[in-house]
Amino acid sequence: HTFSYFPYPISELKGKTLAVVGYGAIGKKVASIGAAFGMNVIIATRTKPAGCPYTLVSVDRAFAEADYLTVHCPLNDGTRGLINAERLAAMKPTAFVINTARGAVADENALRDALDRGVISGAACDVLTVEPMREDDPLRGAKNLTLTPHVAWASYEARVRLISLVASNLRAYQNGLPVNTVK
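Numbering (my numbering), first residue to last: 2 to 184.
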């Protein structure tokens, strides 16, 4: 007997592998939080930034090695369907997938299938391909899935920053300067 009051296993983060796909501002923060919990952090991103303390791996290797895989990348032709049946099948059966990027980064049918068949242990998403969630959404009722609204950004402070950024972008546009450049 495990003397656990929970109907599911609980395990420590320390020593587990956190794979961070997308190493922008949010990915960097998530990686540092994982490291603070003693996790082995690996990153999958286009290029390893100078001074980055984490191991750079391919996206496929990130899926294969992750105990927890968290996605923080934009939606584009290269990331659409990034979470797919093949990559999910390569994961540990004890692994968890977290998608807080964009809904279409995940093939939702493949994710539903992987959850229902126990290919992975669980997933958490705060984004869906179509929002609000449809009655026939493939993730509706999936086993071991936590869904939350994509509203973490909506704090008072975040909205003040957003308005400030919009005003700054308008001034830059009026002055013919670049806006939100990616380095």
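Each residue gets a CB set at the ideal place from its N, CA and C atoms; glycine is no exception.
| said: Taking the alpha-carbon of residue 86 as reference, which of 111, 155, 26 has the nearest alpha-carbon? | reply: 111
| query | The beta strand (DSSP E) spanning residue 97 covers which residue range? | reply | 97 to 100
| Between the CA atoms of residue 160 and residue 96 - distance to the nearest angstrom | 34 Å
| query | Under the DSSP definition of a beta bridge, which residues are partnered with residue 124? | reply | 98, 146
| query | How do the stretch 103 to 122 and the stretch 44 to 64 stand: do at least 3 beta-carbon pairs fall below 8 Å, yes or no? | reply | no
| said: Would residue 54 and residue 37 qualify as a contact pair, given that the criterion is a beta-carbon distance under 9 Å? | reply: no
| Check whether residue 128 and residue 102 have beta carbons under 9 Å apart | yes
| Do the CB positions of residue 45 and residue 69 come within less than 9 Å of each other? | Cβ distance not < 9 Å, so residue 45 and residue 69 don't count as in contact.
| query | What three-state label does DSSP hand residue 69 in the structure shown? | reply | strand
| Below 8 Å, can you find three or more Cβ-Cβ pairs linking the stretch 138 to 150 to the stretch 165 to 172? | no
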